[in-house]
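Residue numbers (our numbering), protein chains in the order written: chain C, 1 to 362; chain Y, 1001 to 1341.
Each residue gets a CB set at the ideal place from its N, CA and C atoms; glycine is no exception.
Some notes on the structure that comes next.
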């Protein structure tokens, strides 16, 4: 494999230019009014609320948010894999890369085609890599059964798996003949990524793939992921609560707050010029050894209850800039630049009210 | 591997030794002794016998020297066991090994079928209950399972005997085979062999039924709990997303991982049920190991009692031993020291 351990700045800028050429045109996943709701005794819990977003072919989009902001639901909804009794509404349209195929309405698929779409077109890596494998089966069988279930050629598929494992700096023979308990957490995580890619999907959705790993392993997986994207022309949706981490990988970042997007934009703009007070607060809350303690600020208050999201701007209860307007009127998504949009009434004034500390490495 | 094997073997031997010693002591703490028992029997049967005649006959019958000091009896006994000699049964008037050797296969036969059936029924029912968790079927089966599981098997046995044996007359009420059937197991004579096995199953069926009816509930509840736990695991969700077939998920994922923890229980159940066979075999007059143990206790037949206890102990120890040694084969997470140690 090409050891493209290029520095972040090089990679980001090169992708940035590539993206700006095709902005808004080559969409692979199109979400409209995407909502997920759970009926509960005390009311309907809306854990994803009318989300509109386009995911472009070949990009890595980072989805950031705190616990309970709807990140995982967004990930599951992309594969129409929300667990029962959750109800997914709206549309997710998948545009396959070959021009002959028609766009696929992911939420409207029957069981059979959905089974085919998942893993063959849109694949997923779960938060719990430690527990994503059957403890009584070796890795080879995991790969073989996956290939079998989708009628792929097993010999070819295993060769591909070996290559993927090697790309991820694992010893293919050793891993394939191991049982899950015999590998470390980082190895299992990488094996899971290989398993997710063995059917050559177009999109890889990753739900907190690095959450259970130590910092070094997180960084190395991040760099492996961007190599993989380049090699296999993948589109990646990277879901995390770790904003600084995702800035090192993603081309674009979307910040979820209270089950909807607060701000979406190119990574550079999101880091250097965030417009939403919540994005700023997230950046300011990032622990960093270099930043003085006095500049690190936790965000006061707590995330809204999904049964009872406040009217108006969902963030107004915690926002230092909140006005009467924010309590009543929900801010629409407004364009800051062509590649940056924000849902805030006061995004123009955010510089004065919520100054950005130098917390995050750029 | 060898270290583990040696350690387990030594543990098993040590356990057996401790139980042998304990039973030797405990049996002798029981009130009465074989000589008194025999004397009483002789007086009851032949009231006209003189005292001297009785004493002479008792001394003749009992060739165990009960007057020797206890530790000498103990050492003699242990040495005897090591040579495969369990002594002479007083009440059956035959070597203990012969009496038990004849009885044991019947007990193993009947209870193996019973335990296997119990596990098959329990595991199937438990899986269905787990898949339909919270349904009326699940709630009903749970209640039924608890009730049946809390009923002692000899109560069910008596009930079965009364209803199916005496009132309806569907099943024989005693013995292991009909008198006209020749006990034969010979692949060259399939018809006769089949007749013999079928007749044996027929005679054991009430006993088997009693064990299964009172045992499957516990197995089903354990299986249900394990399955529900596995159904909630991350790897199950991943397996579904990977598009695996429902059959594969049910067998290779849920069943396999839910049954594994019950494997040791299954092997221990063999030992345990052979030990618990005493009352049931008595109820059904089924001349197996338990039947003779009860007979031995009634007759204060020390050698036969001890022999029975040792066999039961061995059954439990061997069950646990096999479970220890083979668990690594069925569950890759447990290494019996084979590959990596």
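With DSSP collapsed to three states, give me the class of residue 34 of chain C. Strand.
Residue 1244 of chain Y at chain C interface by Cβ criterion, 8 Å: Chain C, which has a Cβ nearer than 8 Å to the Cβ of residue 1244 of chain Y, makes this yes.
Since residue 1233 of chain Y meets chain C, which of its residues come closer than 7 Å, beta carbon to beta carbon? Listed by position along chain C, the residues whose Cβ is nearer than 7 Å to that of residue 1233 of chain Y are 131.
Where residue 1260 of chain Y meets chain C, residues with beta-carbon distance less than 8 Å: Correct list: 136.
Quick one: is residue 1332 of chain Y near chain C, going by C-beta distance under 8 Å? A Cβ of chain C is located within less than 8 Å of the beta carbon of residue 1332 of chain Y.
So, does the region 1129–1137 of chain Y touch the region 1227–1240 of chain Y, judging by three or more C-beta pairs under 8 Å? Contact between the region 1129–1137 of chain Y and the region 1227–1240 of chain Y is present, because at least three Cβ pairs lie under 8 Å.
Beta-carbon proximity list for residue 177 of chain C, same chain, < 8 Å, skipping 5 on both sides: Cβ-Cβ distances below 8 Å link residue 177 of chain C to 138, 139, 140 in the same chain, with the five nearest sequence neighbours on each side left out; the list follows chain order.
Using the rule of at least 16 other Cβ atoms within 10 Å of the residue's Cβ for burial, across every protein chain shown, is residue 1007 of chain Y buried or exposed? In this structure residue 1007 of chain Y is exposed. Its beta-carbon is surrounded by fewer than 16 other beta-carbon atoms within 10 angstroms.
Report the CB separation of residue 1222 of chain Y from residue 1268 of chain Y in whole angstroms; it is logged as a contact under 8 Å. For a cut-off of 8 Å, the C-beta gap from residue 1222 of chain Y to residue 1268 of chain Y is around 13 Å, too long to register as a contact.
Chain-ordered residues of the region 136–168 of chain C with a beta carbon less than 9 Å from chain Y: From the region 136–168 of chain C, only 136, 137, 138, 141, 142, 145, 146, 148, 149, 150 have a Cβ closer than 9 Å to chain Y.
Chain Y contact residues for residue 179 of chain C, given Cβ-Cβ distances below 9 Å: Residues of chain Y passing the Cβ test: 1332, 1333.
Bridge partner(s) assigned by DSSP for residue 238 of chain C: In the DSSP output, where bridge partners are listed per residue, residue 238 of chain C has C:62, C:206.
Going by the DSSP bridge assignment, what does residue 105 of chain C pair with across the sheet? Under DSSP, residue 105 of chain C forms a beta bridge with C:93.
Got a sec, what are the start and stop residues for the alpha helix (DSSP H) residue 340 of chain C sits in? From DSSP, residue 340 of chain C is part of no alpha helix (DSSP H) but of the beta strand (DSSP E) over 340–342.
Compute the distance between the beta-carbons of residue 320 of chain C and residue 350 of chain C, then report whether it is under 8 Å. Contact: no.
Reduced DSSP secondary structure (H/G/I, E/B, other) of residue 1248 of chain Y: It is helical.
Examine the Cβ distances between the region 300–318 of chain C and the region 93–102 of chain C and report whether three or more of them are shorter than 8 Å. No: fewer than three Cβ pairs fall under 8 Å.
My understanding is that residue 120 of chain C touches residue 201 of chain C, with C-beta atoms under 8 Å, so please give their C-beta distance in whole angstroms. So it is a contact: roughly 6 Å between Cβ atoms.
Outcome for residue 124 of chain C when other beta-carbon atoms lying within 10 angstroms are tallied against a minimum of 16: Buried, by the Cβ-count rule.
Going along the chain, which residues of the region 96–119 of chain C sit with their C-beta nearer than 8 Å to a C-beta in chain Y? Cβ contacts with chain Y: 115, 116, 118, 119.
Hey, does residue 1063 of chain Y have any beta-carbon neighbour from chain C nearer than 8 Å? Below a pLDDT of 50, predicted positions are generally treated as unreliable, and residue 1063 of chain Y, at 49, falls in that range; no measurement from the model is reported.
Which of the three DSSP states is assigned to residue 1186 of chain Y in this structure? Reduced to three states, the DSSP call for residue 1186 of chain Y is coil.
Is there a Cβ from chain C that is less than 8 Å from the Cβ of residue 1022 of chain Y? Cβ-Cβ to chain C under 8 Å: no for residue 1022 of chain Y.
Reference residue 1090 of chain Y, options Y:1297, Y:1328, Y:1244, closest by Cα: Nearest C-alpha to residue 1090 of chain Y among Y:1297, Y:1328, Y:1244: Y:1297.
Report the neighbours of residue 333 of chain C on chain D: residues whose CB is nearer than 7 Å to its CB, in chain order. Of the chains in the structure shown, none is chain D; the protein chains are C and Y.
Within-8 Å CB hit, residue 79 of chain C to chain Y: Closer than 8 Å: yes.
Between the alpha carbons of residue 283 of chain C and residue 36 of chain C, how many angstroms are there, rounded? Going by the C-alpha atoms only, they are around 28 Å apart.
When we look at the beta-carbon of residue 261 of chain C and count the other beta-carbons within 10 Å, is it buried (16 or more) or exposed? When all chains shown are included, residue 261 of chain C counts as buried.
Under 8 Å between the Cβ atoms of residue 241 of chain C and residue 67 of chain C? The Cβ atoms of residue 241 of chain C and residue 67 of chain C sit closer than 8 Å to each other.
Chain-ordered chain Y contacts of residue 126 of chain C [CB-CB under 8 Å]: Against chain Y, the beta carbon of residue 126 of chain C has neighbours under 8 Å at 1234, 1237, 1238, listed in chain order.
Which residues in the same chain as residue 24 of chain C place their Cβ atom closer than 7 Å to its Cβ, once the five residues preceding and following it in sequence are excluded? Residue confidence for residue 24 of chain C is low, a pLDDT of 46 falling below 50, so the modelled location carries little weight and cannot support an answer.
At what residue ranges does the region 260–331 of chain C contain a whole run of the beta strand (DSSP E), taking only runs of 3 or more? List check, beta strand (DSSP E) in window: 260–266.
Does residue 50 of chain C come out as helix, strand or coil in the three-state DSSP assignment? Assigned with DSSP and collapsed to three states, residue 50 of chain C falls in strand.
Which one or two residues does DSSP pair with residue 125 of chain C in a beta bridge? Within the DSSP bridge table, the entry for residue 125 of chain C names C:206 as partners.
Would you please verify whether the beta carbon of residue 1226 of chain Y is less than 8 Å from any beta carbon of chain C? Chain C, which has no Cβ nearer than 8 Å to the Cβ of residue 1226 of chain Y, makes this no.
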